[in-house]
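Notes follow the structure.
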Amino acid sequence: KSLECNNIKKSIYYYQGWLGLRIRKMKENERKHRFSNSNKSNSIVFPAGILQPPFYHKYFPKSINFGGIGVVIGHEITHGFDDKGRQFDQFGNIRRWWDHSSSEKFESKAKCFVDQYSNYLVKEVGTYLNGWNTQGENIADNGGLKESYMFR
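For the sequence shown, the positions run 1 to 152 when full-length UniProt numbering is used.
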């Protein structure tokens, strides 16, 4: 750990004791300014720190804000319905809650994403993407774009 990080921790512990406060330790993932999706709690984490350029600004045109923060929010919401998220019900339990017809349609459309992204050549390394491995992110990216566009 860096010297600066250790000094910050020492200062926090000093003032914590001096003020008689109990400050919980920050977890590594709590320090990150990013969205996240939890299928088990059926929620997304929306850190306020992300509400700044390039994603959002109160003086940006609506189109820029929807194209920025809207895509990110839509992306995280869509993870609740991607190849992994769709396995969880509204209570965070793993179970088959989609009817047969909906599951078949999803699998058909998901296969289109897999095929499309598997044909993408990464020239720098001379290899193709594995659409199966990137399926969830590809679905979420496309869903985020579509959802953001619908809210304009």
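Ideal Cβ positions, reconstructed from N, Cα and C, are used throughout, including at glycine.
Here's the rule: buried if 16 or more other CB atoms are within 10 angstroms of the residue's CB, otherwise exposed. What is residue i?
i           : result
residue 31  : Bear in mind that the predicted position of residue 31 carries a pLDDT of just 48, short of 50, making it unreliable; the figure below should be weighed with that in mind. Looking at its Cβ environment, which holds fewer than 16 other Cβ atoms inside 10 Å, residue 31 is exposed.
residue 96  : exposed
residue 127 : exposed
residue 36  : exposed
residue 135 : buried
residue 79  : buried
residue 75  : buried
residue 49  : exposed
residue 71  : buried
residue 139 : buried
residue 69  : buried
residue 143 : buried
For residue i, which beta-bridge partners are listed by DSSP?
i           : result
residue 128 : 121
residue 94  : 88
residue 36  : 45
May I ask which residues mark the beginning and end of the alpha helix (DSSP H) holding residue i?
i           : result
residue 142 : 135-150
residue 58  : That residue, residue 58, is in no alpha helix (DSSP H); it is neither H nor E in DSSP.
residue 73  : 71-79
If residue i sits next to residue j, beta carbons under 8 Å apart, how far is it from one beta carbon to the other, in whole angstroms?
i           : j          : result
residue 114 : residue 98 : With a Cβ gap of about 19 Å, residue 114 and residue 98 do not count as contacting.
Taking the beta strand (DSSP E) that residue i belongs to, which residues open and close that run?
i          : result
residue 44 : 43-45
Shorter than 7 Å, the distance from the beta carbon of residue i to the closest heavy atom of the ligand MN, or not?
i           : result
residue 100 : Among the ligands in the structure shown, none appear at all, so the ligand MN cannot be discussed.
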